[in-house]
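From first to last, the protein sequence lines stand for chains A and B.
If you read the first sequence in numbering that gives the first Met the number 0, its first letter stands for residue 0, the second for the next number, and so on.
If you read the second sequence in numbering that gives the first Met the number 0, its first letter stands for residue 0, the second for the next number, and so on.
Even glycine gets a Cβ: it sits at the ideal position worked out from N, Cα and C.
There are 2 protein chains.
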Amino acid sequence: MRVLVIEDNLDIQANIADFLEPDYVLDFAYNGDHGLELALANDYDVIVLDLMLPRRDGIDLCKAYKSEANLQAPILMLTARDTLEDKELGFAAGADDYLTKPFALRELKIRIDALAKRPKIKNASSLNCGDLTFDPADNIVSLGSSSKPLNNKEGVILRLLMEAAPNAISSETISYRIWGEEPPNSGALRTHIYNLRKILSSLKTRCEIETDRSRGYRLKERSSDE
Amino acid sequence: MRVLVIEDNLDIQANIADFLEPDYVLDFAYNGDHGLELALANDYDVIVLDLMLPRRDGIDLCKAYKSEANLQAPILMLTARDTLEDKELGFAAGADDYLTKPFALRELKIRIDALAKRPKIKNASSLNCGDLTFDPADNIVSLGSSSKPLNNKEGVILRLLMEAAPNAISSETISYRIWGEEPPNSGALRTHIYNLRKILSSLKTRCEIETDRSRGYRLKERSSDE
DNA sequence: AAATCAATGTCAAAAAACTGTCAAAACCCA
DNA sequence: TGGGTTTTGACAGTTTTTTGACATTGATTT
Chain A
0 MRVLVIEDNL DIQANIADFL EPDYVLDFAY NGDHGLELAL ANDYDVIVLD LMLPRRDGID
60 LCKAYKSEAN LQAPILMLTA RDTLEDKELG FAAGADDYLT KPFALRELKI RIDALAKRPK
120 IKNASSLNCG DLTFDPADNI VSLGSSSKPL NNKEGVILRL LMEAAPNAIS SETISYRIWG
180 EEPPNSGALR THIYNLRKIL SSLKTRCEIE TDRSRGYRLK ERSSDE
Chain B
0 MRVLVIEDNL DIQANIADFL EPDYVLDFAY NGDHGLELAL ANDYDVIVLD LMLPRRDGID
60 LCKAYKSEAN LQAPILMLTA RDTLEDKELG FAAGADDYLT KPFALRELKI RIDALAKRPK
120 IKNASSLNCG DLTFDPADNI VSLGSSSKPL NNKEGVILRL LMEAAPNAIS SETISYRIWG
180 EEPPNSGALR THIYNLRKIL SSLKTRCEIE TDRSRGYRLK ERSSDE
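Laid out in C-alpha cells, this is it:
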C-alpha cells in the first residue's frame with residue numbers, strides 16, 4: 000500500500016513515518032507544490048494532506064488534485080482547525096475524511112485503511128464502453144466521427160448502463176434513478192430502451208443493450224462472430 | 000440520494016429526519032434485524048448505523064451486510080463510544096466512517112455526502128462446488144469452457160444449494176427464500192429441481208443434487224466409483 | 001413378503017410474466 | 001402554436017413458472 004503524506008511539520012512527519020513505515024510504503028512532501036506534483040505523478044492508495052502548507056494551500060491542492068488526477072486516491076485531511084466551517088471547506092474541496100490534530104496515530108492508521116478499501120474514482124467526464132463514447136454533460140453519444148444527441152431520459156439510461164457495464168442493472172434500479180418512488184404506470188422504460196437501441200444501431204456500434212430477462216439490462220460489446 | 004438510518008433512539012432519529020429530509024430520501028429501521036433486511040433489499044447510497052441496537056448488534060449487522068450485499072453501500076457508524084478500541088472494532092467490521100455522539104448534524108451531512116461520492120464495492124462472488132462454477136451476477140453455471148444460463152428461480156436454488164454445500168438445505172427453507180410466506184400451492188419446487196438436474200447433467204459435471212428424503216436437498220460431488 | 005403411504009421424480013401443457021414493437025396521445029416549453 | 005419529449009396502450013412473441021397427472025421410490029405396517 001502506497002501512501003503520500005503531505006505535511007510540513009517535521010515532527011509530525013517523523014511520528015507518522017515511525018508508526019506507519021513497517022506496513023506501508025510512504026512518500027513525503029514538505030510543501031504544496033511538491034505534494035501536488037507527487038500526487039499527480041504517482042498512483043497512491045491514500046493521500047494524507049495537512050491543510051496549512053507552504054507554497055500551496057491544502058484546500059487548493061485538494062481541488063487541483065481532484066480535478067486533474069485520472070485516478071483519484073482518497074484524501075484524508077489533517078488539521079488543527081476543528082470548526083464545522085473548516086470541515087465543510089475541506090469536504091467541499093473533495094476530501095474523503097478529516098482528522099483534527101492532535102490525533103492518535105492508530106486512528107490515522109485505521110482511517111487510512113478504511114479509505115484504501117474503496118475503489119478509486121475514475122475521473123472521466125465522458126464515459127465509454129467498447130467503441131462507444133457518451134458525454135453526459137451534453138447528452139451526446141458518439142462513435143468516431145458520427146454522433147447522435149440523446150434526450151434526457153435516454154441519456155440517464157445510457158449513463159447508468161455504461162456505469163454498470165459489463166454488469167447488468169435492474170429495471171427497478173433504472174426506474175428508481177429516473178422517476179424515484181413513483182414511476183409511470185406503464186412500460187415507459189421499455190419504450191426508452193427501444194429507442195435507445197435504435198439510436199445505437201444507427202451508429203453501427205458494436206455495443207448493444209442486452210436484456211437479462213427478469214433481471215435487467217446490460218451494455219455489452221458484441222463479440223466478433225455475430 | 001437514498002440513505003438508510005438504523006437507529007433505535009427516536010429523538011436522534013427525528014433530528015436526523017428533520018435535518019436531512021429535504022435533500023435525501025430516508026428509510027428508517029428501529030432494530031438490527033429490520034435494518035439488515037432493508038439494507039440488503041434496497042440499493043442505498045449510504046447507510047447510517049448506530050452501534051447499540053436491539054435485536055442485532057451494529058457490528059454484527061455491519062459484518063453481515065458487507066459479506067452478503069452484492070453492492071456495498073458505505074457505512075457510517077454512529078455511537079457514543081469514543082475509545083480507539085471501539086473505532087478499531089467498527090472499522091474492522093467494515094465501517095467506512097465513524098462519528099461519535101454527540102455530533103453536529105451538519106457534520107453528519109457532510110460526511111454522508113463524502114461517502115456517497117465514492118464508488119460502491121462490488122462483491123465479486125462466484126460460487127463453486129467441485130468442478131462447477133456459478134456466477135449469481137449473471138446466472139450462469141459453467142464447467143470449464145461449457146456453460147449454461149439459468150433462469151431466475153433456478154439461479155436462486157443453485158445459489159442456495161452451493162452456499163449450503165456440502166450440507167443439505169430443506170425444501171421449506173428454499174421455498175421461503177424464493178416465495179416468502181406464500182409459496183405456489185403445487186410442487187413447483189420439485190419441477191425446478193428436476194430442470195436444474197437436467198441442466199447440471201448436460202454439463203457433465205461430477206456434482207449432482209442429492210435428495211435427503213424428507214430433509215431436503217444437497218449438492219454433492221459424485222465420488223469416483225459410480 | 002405384500003400392502004400402504006407419503007415423499008419425490010417426471011413430463012407435458014397451461015398460465016403467467018416479461019419484453020419488443022410501434023403508433024398515438026399527453027405533456028411541456030419556448 | 002409547434003415541435004420535441006415522454007407516456008400510454010395494445011398486441012405479439014417469447015420465456016419463465018406453475019399446475020396437474022401419473023410413475024417411482026423408500027420406509028413402515030400388516
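Take the Cβ of residue i as the centre, count every other Cβ of all protein chains shown within 10 Å, and call the residue buried at 16 or more, exposed below.
i: B/Asn166; result: exposed
i: B/Asp9; result: Note that residue 9 of chain B is Leu in the sequence shown here, rather than Asp. It counts as exposed.
i: A/Pro73; result: buried
i: A/Glu6; result: buried
i: A/Ala68; result: buried
i: B/Asn184; result: exposed
i: A/Ala79; result: exposed
i: A/Phe133; result: buried
i: B/Ala13; result: exposed
i: B/Arg105; result: exposed
i: B/Asn151; result: exposed
i: A/Ala28; result: buried
i: B/Asp224; result: Low local confidence applies: a pLDDT of 48 at B/Asp224 is under 50, so the model's placement there is unreliable, with the coordinate-based value given in what follows. Result: exposed.
i: A/Arg221; result: exposed
i: A/Lys203; result: exposed
i: A/Val2; result: buried
i: A/Asp22; result: exposed
Could you give the DSSP three-state label for residue i: helix, strand or coil?
i: B/Phe90; result: helix
i: A/Tyr23; result: coil
i: A/Leu52; result: coil
i: A/Glu6; result: coil
i: B/Thr132; result: strand
i: A/Arg205; result: coil
i: A/Met161; result: helix
i: A/Thr82; result: coil
i: A/Ala38; result: helix
i: B/Arg1; result: strand
i: B/Asn14; result: helix
i: B/Leu149; result: coil
i: B/Ser213; result: coil
i: B/Asn127; result: strand
i: B/Tyr43; result: coil
i: B/Ser144; result: coil
i: B/Ala63; result: helix
i: B/Asp96; result: strand
i: B/Lys121; result: strand
i: A/Gly57; result: helix
i: A/Glu180; result: coil
i: A/Ala103; result: coil
Give me the Cα-Cα distance between residue i and residue j, rounded to the nearest whole angstrom.
i: B/Arg196; j: A/Thr172; result: 32 Å
i: B/Leu39; j: A/Gly179; result: 19 Å
i: B/Asn122; j: B/Ala164; result: 20 Å
i: B/Thr255; j: B/Ala136; result: Lying before the first or after the last residue shown, residue 255 of chain B is absent from chain B, which here runs from 0 to 225.
i: A/Leu60; j: B/Leu114; result: 20 Å
i: A/Ile15; j: B/Val45; result: 30 Å
i: B/Glu20; j: B/Met0; result: 11 Å
i: A/Ala187; j: A/Tyr97; result: 44 Å
i: B/Ile192; j: B/Asn41; result: 28 Å
i: A/Leu159; j: A/Ile11; result: 44 Å
i: A/Ser145; j: A/Thr99; result: 52 Å
i: A/Ser213; j: A/Leu142; result: 30 Å
i: B/Ser200; j: B/Tyr175; result: 26 Å
i: A/Pro101; j: A/Ile120; result: 29 Å
i: A/Leu218; j: A/Lys116; result: 27 Å
i: A/Leu70; j: B/Thr190; result: 50 Å
i: B/Pro118; j: A/Pro118; result: 6 Å
i: B/Pro182; j: B/Leu131; result: 29 Å
i: B/Val47; j: B/Val24; result: 13 Å
i: B/Ile177; j: B/Gly215; result: 15 Å
Since residue i sits in a beta bridge, which residues does DSSP pair it with?
i: B/Glu220; result: B/Cys206
i: A/Ser200; result: DSSP lists no partner for A/Ser200.
i: A/Asp32; result: Looking at the DSSP assignment, A/Asp32 forms no beta bridge with any residue, so it has no partner.
i: B/Ala167; result: B/Arg217
i: A/Leu188; result: According to DSSP, A/Leu188 bridges with nothing at all.
i: A/Ser139; result: Note that residue 139 of chain A is Ile in the sequence shown, not Ser. DSSP output for A/Ile139 lists A/Asp134, A/Pro148 as bridge partner(s).
i: A/Ile74; result: A/Ile46
Relative to the ligand MN, is the shortest distance from any of its heavy atoms to the C-beta of residue i smaller than 7 Å?
i: B/Lys108; result: With respect to the ligand MN, the structure offers nothing, as it holds no ligand at all.
* Using 8 Å as the Cβ pair cut-off and three pairs as the minimum, do the stretch 57-65 of chain A and the stretch 23-34 of chain A touch? -> Contact between the stretch 57-65 of chain A and the stretch 23-34 of chain A is present: 3 or more CB-CB pairs across the two stretches fall below 8 Å.
* To do: Mind the definition here: the stretch 84-98 of chain B touches the stretch 102-109 of chain A only if three or more C-beta pairs lie below 8 Å; say whether that holds.
  => As far as the Cβ criterion goes, the stretch 84-98 of chain B touches the stretch 102-109 of chain A, which means the pair count is three or higher.
* Asked: Taking one C-beta from the stretch 204-214 of chain A and one from the stretch 124-132 of chain B each time, how about it: are there three or more such pairs within less than 8 Å?
  -> Between the stretch 204-214 of chain A and the stretch 124-132 of chain B there are fewer than three inter-stretch CB-CB distances shorter than 8 Å, so the stretches are not counted as touching.
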